[in-house]
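Q: For the sequence shown, our numbering assigns the number 878 to the initial residue and increments by one for each residue that follows.
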Amino acid sequence: MYVPPEWKTLAGLIAAAGGSTVYVVGATDRGKSTLCRYLIESLAPRLPAALIDTDPGQSSVGPPATIGLATFAGTSTHPSAVHLRFAGSTSPRGHVPVFLSATRRLYDRARELGAGTIIIDSPGYAIGTAAEAFHVAMIDMLQPCHLVALQRGREIEPVLRTFRHHPTMELHRFPVPEGIRIRSQIERARNREKLFSDYFANAHSSELSLDDIGIFGNIPETFSTGAWEGRLVALCDWRLEVLALSIVEKLDPLHRCLRVTSPPFHAGGLAALHAGALMMARDGTHRPL
């Protein structure tokens, strides 16, 4: 793979500093994930590193609808640990508080695990005032050492201008590298369907008691089977990290039980159920609520 010289320079700056936080921003098909992967491959053999993938539509760490943290120690081939938070959707649009909370908690988790270098791969939701406000909030929360924009023309300038006077944040404007393939919305949707289908390939049914767990997120207004059936939810531990994604089969309001389809998970660690904003089938087809 051809590596642009500016990418090598950035990796050198991070290595020389002994680690940094890097936030990569750009619209879809700009090479963000490729750059983040290159930085991890370059730095992980030398420095404890972490990748936080905040794009729930095309995640490289977990299944769709999740925000993922992968930590690396001594190698970039296999992560030493993976931690997931549920986004509840495949886009930040309409779900900004969830994204901010999940990203911050995973960032803190990476620090707890000793990562000196943290690379944040942000969603391709980047054009328009609402998207710009989302990224400004993310960047303000994380305070990265390096803010990297991969852009065609000046499409990310509204975000960059907000931080141009920041005394400790270095701004980088990178062109989109040659060879980045443009994918259609249909292709992206089919890829998500396949990833969901693969995730639920070995799923089985189980019954959960709702008496001892918390329920939060996009909770239906009515506590009835029809309002819950087919909804994508996350089964979470006490940290609100994902144990497993699940599809609701049936709700029994009388006995306060929920039947779900999910991959195997540690039921003893279940502390909360995070209701999402997607309707889901086991074959991966899904639609927003």
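Quick reminder that beta carbons are idealized off the backbone N, C-alpha and C, glycines included.
Figure out for me which residue from TRP1115, ASP906, PRO882 and MET878 has the closest Cα to the Cα of GLY1145.
A: TRP1115
Q: Please identify the residue among PHE1142, HIS1081 and LEU1112 whose C-alpha is closest to the C-alpha of THR943.
A: LEU1112
Q: My output table needs one value for MET1046: the three-state DSSP class, helix, strand or coil.
A: Residue state for MET1046 is assigned as coil, using DSSP reduced to three classes.
Q: Look up LEU1117 in the DSSP assignment and say whether it is helix, strand or coil.
A: Here LEU1117 sits in coil by DSSP.
Q: Bridge partners for MET1157 per DSSP, in chain order?
A: HIS1163
Q: How long is the line joining the alpha carbons of PRO925 and ALA1104, rounded to whole angstroms?
A: 45 angstroms
Q: Who are ILE1016's beta bridge partners in DSSP?
A: Its beta-bridge partners do not exist; DSSP assigns none.
Q: In terms of alpha-carbon separation, which member of ALA1158, ARG962, GLY991 and GLU1032 lies closest to THR898?
A: GLY991
Q: What residue does the beta strand (DSSP E) around ALA927 start on, and which one ends it?
A: 926–930
Q: Just curious, the beta strand (DSSP E) that ASP998 is in, first and last residue?
A: Note, ASP998: beta strand (DSSP E), 994–998.
Q: Give a yes or no on contact between the segment 1147–1157 and the segment 952–968, applying the rule of three or more CB pairs nearer than 8 angstroms.
A: yes
Q: With a CB to CB cut of under 6 angstroms and the five nearest residues on each side skipped, what residues in its chain are close to ALA950?
A: PRO925 and SER957
Q: Less than 6 angstroms between C-beta atoms, sequence neighbours within five positions excluded: which residues of the same chain meet that for GLY908?
A: LEU1027, VAL1053, PRO1054 and ILE1057
Q: What is the residue span of the beta strand (DSSP E) that LEU1024 lies within?
A: 1023–1028
Q: May I ask you to report which of helix, strand or coil DSSP gives THR898?
A: strand
Q: Given a cut-off of 8 angstroms on the beta-carbon distance, is the pair ASP932 and GLY1001 in contact?
A: yes
Q: Can you find a C-beta in chain B that's less than 8 angstroms from the C-beta of LEU1131?
A: No chain B is present in this structure, which holds just one protein chain.
Q: Rank ARG1031, ILE1059, GLU1032 and CYS1022 by C-alpha distance to the C-alpha of PRO1044 and give the top, closest one.
A: CYS1022
Q: What whole-angstrom Cβ distance do VAL973 and ALA1008 have, given they're in contact under 8 angstroms?
A: Incorrect: roughly 10 angstroms between the Cβ atoms, too far for contact.
Q: Would GLY1005 be called buried (16 or more neighbouring beta carbons within 10 Å of its own) or exposed?
A: exposed
Q: Got a sec, what are the start and stop residues for the beta strand (DSSP E) ALA958 sits in?
A: 958–963
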